[in-house]
Amino acid sequence: MSAPTRPPVRPDGAPSRPGFESIWRQLHAGGLVDGAPPGSPADGPPAPWHVRAMLAVCGWLGGLLLLVFLGLVVPDPFDERSLAVAGVLLVLAAGVLFRGKASELRAQFALSLCLAGYGAIAVAAGLWLSAAQAWAAAALAGAALAVAMPDRTARTFGVAAAFLAAEGGIRALDWPSPVAAVAAWTCTICWLAETRLAYRLGERQAPLAWGATLALWALGLASGLWSAVGMETPAGWRAVSWGLALLAALPLAFAAWRLSALAGQPARGWATGAALAVVLAGAWAQGVAFGLLTAVLGYSRGRGPLWKGGLMVALWGVGWFYYAQHWTLPRKAAMLLALGVVLLLAWRGVSRLGAREAGP
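Everything in the sequence shown is counted per our numbering, starting at 37 for the first residue and increasing by one.
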């Protein structure tokens with residue numbers, strides 16, 4: 037009986053994986069992965085987290101010192117034309133630094149320049165244009181970052197900034213805003229069809245998903261503060277605004293329906309009905325609906341930061357709704373008790389569904 041043959045060995049001592057490396061090359065050609073295959077000599081051992089954190093701090097300090105230097109050499113650093121020119125130059129410099137395989141220090145320095153340049157452009161637009169036009173300029177600048185920047189973090193920031201600036205611009209016109217609904221549906225589709233979209237969009241899928249998620253969290257946290265900053269929807273648009281809020285909360289029911297596809301019809305109907313009840317409540321407390329939506333999506337995709345951040349936003353929404361209502365204390369206590377029962381039943385249903393999908 038002949039001895040089993042050992043796999044070929046590379047010069048560095050690691051086993052050769054021609055099949056894996058060819059698949060990696062195909063994925064790299066399609067734009068789905070970046071860099072050398074894992075375990076190859078080109079990668080090298082990753083730096084410890086504290087070293088990468090120190091490099092990030094050094095990169096941001098370098099960007100801050102460059103901004104201070106620009107403020108000293110520019111005759112009037114708060115002039116809108118000077119700010120606009122400086123912002124465009126900073127963004128262009130960041131794009132050049134992002135090209136190629138940048139080190140951690142170089143990438144963080146470029147990111148600081150990119151965000152500072154976007155801030156300078158937004159401030160210049162606010163000084164030069166009207167409120168609605170300034171918000172529109174900030175939204176266009178964010179969309180440009182999302183499309184043109186090679187870095188994922190910069191793209192994510194650009195997507196989130198475009199959503200939030202569009203929300204500010206529409207509210208500045210005293211119109212009901214559909215931005216929350218667009219962000220909620222974008223977030224839901226990006227996470228539910230993550231694999232398919234990653235194949236079609238390549239590296240642009242993750243910035244789109246996370247940018248929409250961050251914008252949705254920000255809108256959920258700010259949903260109870262619009263009246264305090266004078267950006268509440270006028271009374272004449274209340275019906276349209278409530279309909280848009282309902283449309284923004286509806287993805288929670290859609291996600292529950294899609295994720296419970298492997299369950300039986302009773303469990304699927306129960307999950308969808310419970311989600312619809314939360315959707316109706318989310319028309320008044322959008323933070324609750326947005327937080328639970330991202331928590332459910334994060335739990336289904338195994339993304340810890342996604343479901344943890346969603347739970348924090350949902351808790352904020354519950355707290356805001358509790359203190360904003362002018363109810364008696366017994367009524368508020370009854371509301372919290374009912375909410376606790378609903379959450380326990382929902383957690384029990386999700387646990388049973390997960391056990392059923394896992395099998396024996």
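Virtual Cβ for every residue (Gly too), placed ideally from N, Cα, C.
Should the region 217-235 be called in touch with the region 157-168, which here means at least 3 C-beta pairs below 8 Å?
no
What residue from Ala168, Trp171 and Ala197 has the CA that sits closest to Ala179's CA?
The residue given as residue 179 occupies position 143 in the sequence shown. It is Ala197 whose Cα lies nearest to the Cα of Ala179.
Locate the alpha helix (DSSP H) running through Trp221, then write down its first and last residues.
One-based indexing of the sequence shown puts residue 221 at position 185. Taken as a continuous stretch (DSSP letters only), the alpha helix (DSSP H) holding Trp221 covers Val215 to Leu228.
Evaluate Val324 with the Cβ neighbour count: other Cβ atoms within 10 Å of its Cβ, from every protein chain shown; 16 or more gives buried, anything less gives exposed.
Counting from one through the sequence shown, the residue named residue 324 turns up at place 288. Looking at its Cβ environment, which holds 16 or more other Cβ atoms inside 10 Å, Val324 is buried.
Reference Trp320; option with closest CA among Gly338, Val354 and Leu102:
Indexing the sequence shown from 1 puts residue 320 at position 284. Measuring from the Cα of Trp320, the nearest candidate turns out to be Val354.
Considering Cα atoms alone, identify which of Arg135, Ala160 and Glu140 is closest to Glu116.
By 1-based counting over the sequence shown, the position of residue 116 is 80. Considering only alpha carbons, the answer is Ala160.
C-beta contact flag for Phe145 and Gly98 at 8 Å
Here residue 145 refers to the residue found at position 109 when the sequence shown is read from its first residue. Here residue 98 refers to the residue found at position 62 when the sequence shown is read from its first residue. For Phe145 and Gly98, yes; Cβs fall inside 8 Å.
Ala177, DSSP secondary structure in three states:
Numbered from 1 along the sequence shown, position 141 holds the residue referred to as residue 177. Note: Ala177 maps to helix in three-state DSSP.
Could you confirm whether any beta carbon from chain B is found closer than 8 Å to the beta carbon of Leu97?
In the displayed structure, chain B is absent; only one protein chain is listed.
Give the range of the alpha helix (DSSP H) segment to which Gly334 is assigned.
What you label residue 334 is simply residue 298 of the sequence shown in a count that begins at 1. Taken as a continuous stretch (DSSP letters only), the alpha helix (DSSP H) holding Gly334 covers Gln322 to Arg337.
According to the Cβ coordinates, are Ala190 and Cys150 closer than 8 Å?
For the purposes of this step, residue 190 is identified with residue 154 of the sequence shown, where counting begins at 1. For the purposes of this step, residue 150 is identified with residue 114 of the sequence shown, where counting begins at 1. Taking 8 Å as the Cβ cut-off, Ala190 and Cys150 qualify as a contacting pair.
Whose C-beta lies closer than 7 Å to the C-beta of Gly66 among residues of the same chain, with five residues either side of it excluded?
Taking the sequence shown and counting its residues from 1, the one referred to as residue 66 is at position 30. Excluding positions up to five away in sequence, the list reads Gly238.
Quick one: any contact between the region 357-368 and the region 333-346, if contact means 3 or more CB pairs under 8 Å?
no
Should Val104 be labelled buried (16 or more other beta-carbon atoms within 10 Å of its own) or exposed?
On the sequence shown, position 68 is the one that residue 104 refers to. It counts as exposed.
Supposed contact pair Val276 and Pro212 - C-beta distance, whole angstroms, cut 8 Å:
In the sequence shown, the residue the question calls residue 212 occupies position 176. In the sequence shown, the residue the question calls residue 276 occupies position 240. Sure, about 5 Å apart at Cβ, within 8 Å.
Return the chain-ordered list of same chain residues with a C-beta closer than 7 Å to the C-beta of Pro243, the five sequence neighbours on each side being excluded.
Numbered from its first residue, the sequence shown carries residue 243 at position 207. Counting only Cβ-Cβ distances below 7 Å, and skipping sequence neighbours, we find Ala182, Arg188, Arg191, Thr192 and Val195.
With a CB to CB cut of under 7 Å and the five nearest residues on each side skipped, what residues in its chain are close to Val328?
Here residue 328 is taken as the residue at index 292 of the sequence shown, counted from 1. Per the sequence shown, residue 328 should be read as Leu rather than Val. Only Leu288, Val314, Gly346 and Ala350 meet the Cβ criterion.
Helix, strand or coil, according to DSSP, for Arg135 in the structure here?
Sequence index remark: in the sequence shown, residue 135 carries index 99 (1-based). Reduced to three states, the DSSP call for Arg135 is coil.
Coil, strand or helix - Met185 by DSSP
If you number the sequence shown from 1, residue 185 lands on position 149. Three-state result, Met185: coil.
Give the secondary structure of Phe199 by DSSP, where H, G and I count as helix, E and B as strand, and everything else as coil.
The residue you call residue 199 lines up with position 163 of the sequence shown. Here Phe199 sits in helix by DSSP.
Alpha carbon of Cys94 to alpha carbon of Leu141, nearest angstrom:
Position 58 of the sequence shown, counted from the start, is the residue given in the question as residue 94. Position 105 of the sequence shown, counted from the start, is the residue given in the question as residue 141. About 7 Å.
Got a sec? Which residues, its chain only, sit under 6 Å from Ala130 by beta carbon, not counting five neighbours each side?
Numbered from its first residue, the sequence shown carries residue 130 at position 94. Cβ neighbours of Ala130 beyond the five flanking positions: Ala146, Leu149 and Cys150.
Limits of the unbroken alpha helix (DSSP H) element including Trp246:
Taking the sequence shown and counting its residues from 1, the one referred to as residue 246 is at position 210. It spans Gln241 to Ala258 - the alpha helix (DSSP H) in which Trp246 sits, taken as one unbroken run.
Out of curiosity, what's the CA-to-CA distance linking Ser296 and Leu280?
Translated into positions along the sequence shown, residue 296 becomes position 260. Translated into positions along the sequence shown, residue 280 becomes position 244. The straight-line gap from Cα to Cα measures roughly 26 Å.
Could you compute how far the alpha carbon of Gly247 sits from the alpha carbon of Trp363?
Numbered from its first residue, the sequence shown carries residue 247 at position 211. Numbered from its first residue, the sequence shown carries residue 363 at position 327. Going by the C-alpha atoms only, they are around 37 Å apart.
Take Leu283 as the anchor and find which of Arg232, Thr222, Gly123 and Ala234 has the nearest alpha-carbon.
Here residue 283 is taken as the residue at index 247 of the sequence shown, counted from 1. Nearest option by C-alpha distance: Thr222.
For Thr192, which of helix, strand or coil comes out of DSSP?
In the sequence shown, residue 192 corresponds to position 156, counting from 1. The answer is helix: DSSP assigns Thr192 an H, G or I state.
Helix, strand or coil: which one does DSSP assign to Ala234?
The residue you call residue 234 lines up with position 198 of the sequence shown. Correct three-state label for Ala234: helix.
Leaving aside the five residues before and after Gln241 along the sequence, list all residues of the same chain whose C-beta is less than 8 Å from its C-beta, in chain order.
Taking the first residue of the sequence shown as 1, we reach residue 241 at position 205. Cys226, Glu230, Leu233 and Ala234, listed in sequence order.
To the nearest angstrom, how far is it from the Cα of Ser58 to the Cα of Thr330?
Your numbering for residue 58 matches position 22 in the sequence shown. Your numbering for residue 330 matches position 294 in the sequence shown. Cα-Cα distance, rounded: 36 Å.
Quick one: Cα of Gly272 to Cα of Gln322, how far?
Walking along the sequence shown from the start, residue 272 turns up at place 236. Walking along the sequence shown from the start, residue 322 turns up at place 286. The straight-line gap from Cα to Cα measures roughly 20 Å.
If we ignore side chains and look at the alpha-carbon of each, how far apart do Leu255 and Ala201 end up?
If you number the sequence shown from 1, residue 255 lands on position 219. If you number the sequence shown from 1, residue 201 lands on position 165. Whole-angstrom Cα-Cα distance: 11 Å.
Starting from the Cα of Met185, find the closest Cα among Asp210, Tyr154 and Gly204 and give me that residue.
Here the question's residue 185 lines up with position 149 in the sequence shown. Nearest option by C-alpha distance: Tyr154.
On a Cα-Cα basis, can you pick out the residue from Ala175, Leu228 and Val124 that is closest to Phe290?
Residue numbering aside, residue 290 sits at position 254 when the sequence shown is read from its first letter. It is Leu228 whose Cα lies nearest to the Cα of Phe290.
On the DSSP letters alone, give me the boundaries of the alpha helix (DSSP H) that Leu209 sits inside.
As a first step, residue 209 is located in the sequence shown; it is residue number 173 there, counting from the start. Taken as a continuous stretch (DSSP letters only), Leu209 belongs to no alpha helix (DSSP H), as it is neither H nor E.
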